[in-house]
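Asker:
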């Protein structure tokens, strides 16, 4: 209810940006992991809603913020969501192209002629209420919730001390990437959205997720399960692993302990070998849960609903043994 009156502002932002951003992503830059428009728009909506839930008091029983500040936050959060949905699906060279494009888009410029796009520009395009800084790229900044201005992600890196008895391989040095990924993971999980990290080997995907699971989620509200897929992983092994960690809630319904949510982290998500017809059975099992909320118990053939689960995944791009 507290943001419904701003629907015209939000609609204008989406209608003026989504089509041209999709064309840039699909035609002008390389996508290491091929995605479609529906998936990207879904990511944009999920991240935008998660950030709104975190930054704007939506509960009618809490103190509201002023109309001007709410308009400003909705605008800032949209641009952050656009950068980390459409803008992050390409490689380093592509980010250079999209950085320039998003900065000009946020200035309300007409884009069709300069970038030779098929989609037409709207008669008028809204400009960002707080422009991106000239220094650096759009990937270097986030909107500070207190000042409502763009700040460098590096400012979120707090003091870092290495324990005297720490082993070298256990030391995790915070960087812009780890801080940024941890922030986005926290935002999405707290709004009950599933999260998939994709990137080359050695970029810290697994490390960031495991560190957040161990240290930064409330043990009173969350429990976690972690395992990794391999080329030999089967659908039955995956089902048995997850089922063994669930408690019975009622007949046919299982989940983590009552009043808790289970964060299920699967590393190397795309590693299982393909079967005869090109499917990857462990992933098909997870897809079945996404579609129907559960799967069938193999001995009795009864449907087993699994509730209060959030899936977290990490995987490298296809190739190097990955289907």
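In this note's numbering, the protein residues as written are 154 to 476.
Backbone N, C-alpha and C fix where the C-beta goes; we use that ideal spot for every residue, glycine too.
Take residue 245 as the anchor and find which of 325, 328, 292 has the nearest alpha-carbon.
Answerer: 292
Asker: Alpha carbon to alpha carbon, how far is residue 347 from residue 458? Give it in angstroms, no decimals.
Answerer: 18 Å
Asker: For the beta strand (DSSP E) holding residue 415, just list the boundary residues, first then last.
Answerer: Here the beta strand (DSSP E) through residue 415 covers 414-420.
Asker: Is it true that the CB of residue 361 sits closer than 7 Å to the CB of residue 331?
Answerer: yes
Asker: Helix or strand or just coil, what does DSSP make of residue 349?
Answerer: strand
Asker: Across the stretch 158-167 and the stretch 228-236, are there enough close Cβ pairs to call them in contact, namely three or more that are closer than 8 Å?
Answerer: yes
Asker: Per DSSP, which one or two residues make a beta bridge with residue 408?
Answerer: 400
Asker: Where does residue 462 sit, in a helix, a strand or coil, going by DSSP?
Answerer: strand
Asker: Give the straight-line distance between the Cα atoms of residue 310 and residue 368, rounded to the nearest whole angstrom.
Answerer: 16 Å
Asker: Could you compute how far the alpha carbon of residue 410 sits from the alpha carbon of residue 352?
Answerer: 33 Å
Asker: Rounded to the nearest angstrom, what separates residue 211 and residue 453 at their Cα positions?
Answerer: 45 Å
Asker: Could you tell me how far apart the beta carbons of residue 396 and residue 408 are, in whole angstroms, since I believe they sit closer than 8 Å?
Answerer: With 8 Å as the limit, residue 396 and residue 408 do not qualify as a contact, their Cβ atoms being about 11 Å apart.
Asker: Could you tell me how far apart the beta carbons of residue 382 and residue 443 are, in whole angstroms, since I believe they sit closer than 8 Å?
Answerer: In this structure, residue 382 and residue 443 do not form a Cβ contact; the two beta carbons are roughly 16 Å apart against a cut-off of 8 Å.
Asker: Could you check how far apart the C-beta atoms of residue 174 and residue 235 are, in whole angstroms? I think they sit under 8 Å.
Answerer: 7 Å
Asker: I'd like to know whether the C-beta atoms of residue 178 and residue 242 end up nearer to each other than 7 Å.
Answerer: yes
Asker: Kindly indicate which three-state DSSP category residue 375 falls into: helix, strand or coil?
Answerer: strand
Asker: Which residue spans inside the stretch 191-241 form an unbroken alpha helix (DSSP H) run of at least 4?
Answerer: For the stretch 191-241, whole alpha helix (DSSP H) runs of length 4 or above, ordered along the chain, are 220-236.
Asker: Check the C-beta distance from residue 284 over to residue 260 and give it rounded, since I have them as a contact under 8 Å.
Answerer: For a cut-off of 8 Å, the C-beta gap from residue 284 to residue 260 is around 7 Å, short enough to register as a contact.
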